[in-house]
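My numbering numbers the first residue of the sequence shown as 198 and each following residue consecutively. Glycine included, each C-beta is placed from N, C-alpha and C at the ideal position. Treat the numbers as computed from the prediction; the structure is a model and nothing was measured. Below: one structure, written as C-alpha cells.
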Amino acid sequence: MENEINVMPRIGEKAPSFEAVTTQGKINFPEDFKGKWKILFSHPADFTPVCTSEFMTFGKMAQEFEQLNCQLIGLSVDGLYSHIAWLRTIKDKIDYKGMSGIEIQFPLIDDVSMKIAKQYGMIQPGESETSAVRAVFFIDPKNIIRTIMYYPLSLGRNFDEIKRVLIGLQTTDNFGVALPADWRPGDEVIVPTAGSCGVAKERVEDKSGKIHCYDWFFCTRQLSKEEVESKLGKK
Ligand code: BEZ
C-alpha cells in the first residue's frame with residue numbers, strides 16, 4: 198500500500214498503461230490514443246467549486262486542444278454516475294464568468310478503486326489521503342511523459358499555461374530548439390548548446406544577424422509565430 202502510493206511516474210518514462218471506464222466508454226490508455234498528444238489530468242472531487250471552474254475552462258478550450266492534436270482525459274476517484282450527474286449539472290445549470298452550456302466531450306475516468314490515481318502518483322497523502330491532487334501529465338504521440346504538473350487542492354490551474362506548455366513541447370520537438378522563460382510563439386528561441394568551443398565561437402561572431410549571443414553559452418535566434426503555427430499539431 199505504502200509502495201503503491203509512492204510510485205511517481207517521471208518525465209522521459211513510458212506512460213503507465215491502464216484500462217478504465219469513462220464517461221465516453223471504455224478506454225485502453227495510452228494505446229487507444231497513440232499518435233496523439235495526451236493530457237491526463239486529475240481533479241479532487243466532482244461537485245466542488247474549484248474543479249467545476251477548471252472543467253468549464255477546459256471544456257471551453259477543448260477545440261483549441263483538438264487543433265493541437267491533443268486528447269484531454271480527466272480523472273477523479275469518483276464513480277461514473279457521479280461524473281455523469283456533475284457534467285450534466287455543469288451543462289444545464291452553471292453560468293460562470295460568461296461560460297454556460299459547457300458540454301464536456303472528453304472522457305472522464307471513474308477511478309473509485311484509486312488504482313490509476315496511485316499508479317500516476319496522484320494520491321499525495323500529505324495533501325489528501327482520499328482524493329487526487331490536481332495533476333497534469335503531458336504525454337507525447339510515442340506515449341512518453343514529457344511534463345508533469347502537480348497543484349494542491351485549493352488552487353485552480355492556469356489553462357493558458359497548460360496550452361503554452363503543449364505548444365512549447367511541440368515547438369521543441371519540431372525545431373530542435375530550447376525555449377526561454379515565459380516564451381510564447383513569436384519570441385526568440387534558444388539555439389542548442391554548442392558541441393564544441395569552435396561552434397560556440399562561431400556563434401558569438403555570427404555575422405548573418407540571425408543568431409544573437411548574450412554570451413558564449415546563451416545564443417538565440419528568431420522563430421516566427423507563423424513558422425511555429427505551421428507545425429503545431431503535426432507531431
Ligand atoms: C474544489 O474543487 O473546490 C475543492 C476540492 C477539494 C478540496 C478543496 C476544494
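Identity of the residues DSSP links to residue i by a beta bridge
| i | result |
| --- | --- |
| E216 | N225 |
| I387 | A375, T417 |
| Y293 | M296 |
Assigned secondary structure, residue i (DSSP; H/G/I helix, E/B strand, else coil)
| i | result |
| --- | --- |
| G373 | coil |
| R285 | helix |
| M205 | coil |
| I364 | helix |
| G395 | Per-residue confidence for G395 stands at a pLDDT of 47, beneath the threshold of 50, marking its modelled position as unreliable; the derived number appears in the next sentence. It is helical. |
| K431 | coil |
| S325 | coil |
| D308 | coil |
Beta-carbon proximity list for residue i, same chain, < 7 angstroms, skipping 5 on both sides
| i | result |
| --- | --- |
| M311 | V274, I320 |
| R361 | R381 |
| G395 | Reliability of the predicted coordinates at G395 is poor, the pLDDT of 47 falling under 50, and no value is obtained from them. |
| F244 | W283 |
| V204 | K315, Q316, G318 |
Range covered by the beta strand (DSSP E) that runs through residue i
| i | result |
| --- | --- |
| A314 | Where A314 is concerned, there is no enclosing beta strand (DSSP E), although the alpha helix (DSSP H) it sits in stretches over 312–316. |
| A332 | 331–336 |
| K407 | Premise fails: K407 is in no beta strand (DSSP E) and is neither H nor E. |
| S239 | 234–239 |
| L350 | Where L350 is concerned, there is no enclosing beta strand (DSSP E), given that its DSSP letter is neither H nor E. |
| Q268 | 267–273 |
Among the options, the one whose alpha carbon lies nearest that of residue i
| i | options | result |
| --- | --- | --- |
| P241 | T220, G222, Q221, L305 | L305 |
| K211 | P349, C416, L376, I345 | I345 |
| R448 | K428, D379, A375 | In the structure as shown, the chain begins at 198 and stops at 432. Residue 448 is therefore absent and cannot be evaluated. |
| K231 | K315, C248, I336, E423 | I336 |
8 angstroms Cβ shell around residue i - same chain, five flanking residues per side excluded
| i | result |
| --- | --- |
| E216 | K223, I224, N225, F226 |
| S393 | Confidence in S393 is poor, its pLDDT being 44 and thus under 50, which makes the residue's placement too unreliable to answer from. |
| V330 | S239, P241, M319, I320, Q321, E324, Y347, Y348, P349, L350 |
Endpoints, alpha helix (DSSP H) assigned at residue i
| i | result |
| --- | --- |
| T417 | That residue, T417, is in no alpha helix (DSSP H); its beta strand (DSSP E) goes 415–418. |
| G256 | 246–264 |
| S427 | 422–428 |
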